[in-house]
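For reference, the structure discussed in these notes is given below.
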Ligand code: TA6
């Protein structure tokens, strides 16, 4: 097991697994198993802390998207967690892997974000690297004197070989909101394939979600405390309109499978704690 902090990049090595996490946004930017990259990262991703990183696993907190709910209306898209500087506070050896822990709290939040969201909070983010899986776990603690509402999500950009051969299992029969159409949809038994812009919020997903490539399981995503799953692929039109999305045909090698608690709001009273986690298994 090896953990190296070089500037604002934490490199984590465990047997045949490798990962890097930037302190900027606590973003996992690369995760390799046996030399095979499992996350998609834009070639134009800003890694200098100037903006949210396009790719990897951005951490979304305290709001998903934008919202006119008063307490979060001033926040940028997807909140401040992914654009803040986190602190590396711990590393630990697991019996089957290695974990690193990063924190972000109100007292080390940029002034602008504190003005936009003036609540007492402490985030603890643990990334656990095992031979063929990546676990990300977020602990939210209310250390202030007033309750706050929040949403949280892991915006995972999974790397695929060929989007045309991808299907997604486990979301059948789940109702979803289609952001492209602006409409709620009833679940169906259709297996999800992506052949156009896709931006769907699946609600209260009971099953494990699997991403298939050529009919074989490539990834499975386990969730705890995260009832919703967002599926996003900008397709060609979206990729062309996103300035830091490169290469332009990179949409053919990525699918965002985003476990979250985003359909409503989680409320946290002072001294209370919430946790949500995902485990991405690299199967093939
Ligand atoms: O999670 C899907 C989504 O909300 C899409 O609507 C799209 O906006 C995507 O996130 C990327 O958002 P970003 O702020 O990273 O450009």
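Numbering (the numbering used here), first residue to last: -5 to 278. For glycine and all other residues, C-beta sits at the position ideal for the given N, C-alpha and C. What you are looking at is a predicted structure, and each value in this text was computed from that prediction instead of being measured.
_Excluding the 5 residues flanking residue 259 on each side, which residues of the same chain have their C-beta closer than 6 Å to its C-beta?_
The residue labelled residue 259 in the question sits at position 265 within the chain shown. The beta carbon of residue 259 sits closer than 6 Å to those of 143, all from its chain and outside the five residues before and after it, given in chain order.
_Less than 7 Å separating the Cβ of residue 226 from some heavy atom of the ligand TA6?_
By one-based count along the chain shown, residue 226 stands at place 232. The answer is yes for residue 226.
_Contact check, residue 131 vs residue 274, beta carbons under 8 Å_ = Locating residue 131 in the chain shown gives position 137, counting from the first residue. Locating residue 274 in the chain shown gives position 280, counting from the first residue. The Cβ-Cβ distance between residue 131 and residue 274 does not fall below 8 Å.
*Go through the stretch 217 to 260 residue by residue and report every complete run of the beta strand (DSSP E) that reaches 3 residues or more, in order.*
You should have 222 to 227.
*Using 7 Å as the cut-off, classify the Cβ of residue 37 as near or not near the heavy atoms of the ligand TA6, replying yes or no.*
As a working note, residue 37 is residue 43 in the chain shown. Annotation for residue 37 indicates a beta carbon at 7 Å or more from all heavy atoms of the ligand TA6.
*asked:* On the DSSP bridge list, what partners appear for residue 115?
replied: For this step, residue 115 is matched to residue 121 along the chain shown. In the DSSP output, where bridge partners are listed per residue, residue 115 has 136.
*Keeping to the same chain, check which residues put their C-beta closer than 7 Å to that of residue 188; ignore five residues upstream and five downstream.*
Along the chain shown, read from residue 1 onward, the residue named residue 188 stands at position 194. Excluding positions up to five away in sequence, the list reads 157, 160, 227, 249.
*Along the chain, where does the beta strand (DSSP E) that runs through residue 204 open and close?*
Residue mapping note: residue 204 aligns to position 210 of the chain shown, counting from 1. Taken as a continuous stretch (DSSP letters only), the beta strand (DSSP E) holding residue 204 covers 203 to 207.
*Tell me whether residue 193 counts as near the ligand TA6, meaning its Cβ is closer than 7 Å to at least one heavy atom of that ligand.*
On the chain shown, position 199 is the one that residue 193 refers to. True, at least one ligand heavy atom lies under 7 Å from that Cβ.
*Where residue 102 falls: helix, strand or coil (DSSP)*: Numbered from 1 along the chain shown, position 108 holds the residue referred to as residue 102. DSSP places residue 102 in the helix class (H, G or I) of the three-state scheme.
*Just mark residue 62 as buried or exposed, buried being the case when its beta carbon has 16 or more other beta carbons within 10 Å.*
Here residue 62 corresponds to residue number 68 of the chain shown, with the count starting at 1. Under the 10 Å beta carbon count, residue 62 is surrounded by fewer than 16 other beta carbons and is classified as exposed.
*Span of the beta strand (DSSP E) holding residue 55?*
If you number the chain shown from 1, residue 55 lands on position 61. From DSSP, residue 55 is part of no beta strand (DSSP E); its letter is neither H nor E.
*Can you name, in chain order, every residue of its own chain whose Cβ lies under 6 Å from the Cβ of residue 124, other than the five neighbours on each side?*
The count along the chain shown starts at 1 and reaches residue 124 at position 130. Taken in chain order, the residues that qualify are 90, 91.
*Please go through the stretch 0 to 62 and give each complete beta strand (DSSP E) segment of 3 or more residues, from N-terminal end onward.*
Listed in chain order, the complete beta strand (DSSP E) runs (minimum 3 residues) inside the stretch 0 to 62 are 3 to 8, 11 to 16, 21 to 27.
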